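In the working numbering, the protein residues as written are 19 to 94.
Every residue, glycine too, gets a C-beta built ideally from N, C-alpha and C.
Computed from a predicted model, the values in this text were never measured in an experiment.
Here is the structure we will look at, set down as structure tokens.
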């Protein structure tokens, strides 16, 4: 089994009221949704919370991480 693709989709949601964290108050919730697919048809999904600029996480996954991981065993 080998990793065949990795994609990251930036997400944004506006909750009914601002969310407060230790580093500040945020009116929009941002995350990156990462999907890993294998040549056997398995799909894994994970997310990472980002405070600002989810497109930065997407760029890191798409340009740096995915090229290093595609073709490798997902269990490594």
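Residue range of the beta strand (DSSP E) that residue i falls in?
i: residue 82; result: That residue, residue 82, is in no beta strand (DSSP E); it is neither H nor E in DSSP.
i: residue 96; result: Residue 96 is absent from the model: the chain starts at 19 and stops at 94.
i: residue 61; result: 61-68
i: residue 55; result: 47-56
i: residue 42; result: 42-44
Taking the alpha-carbon of residue i as reference, which of the options has the nearest alpha-carbon?
i: residue 31; options: 20, 49, 62; result: 49
i: residue 46; options: 56, 65, 33; result: 33
i: residue 27; options: 90, 85, 79, 93; result: 79
Please work out which residues of its chain come closer than 7 Å, Cβ to Cβ, to residue i, disregarding the five sequence neighbours upstream and downstream, and give them in chain order.
i: residue 87; result: 21, 24
i: residue 67; result: 49
Taking 7 Å as the cut-off, is the beta-carbon of residue i closer than that to any non-hydrogen atom of the ligand ATP?
i: residue 25; result: Looking at this structure, you won't find the ligand ATP or any other ligand, since it has none at all.
Item checked: At least three beta-carbon pairs within less than 8 Å, the region 31-44 to the region 55-63 -> no
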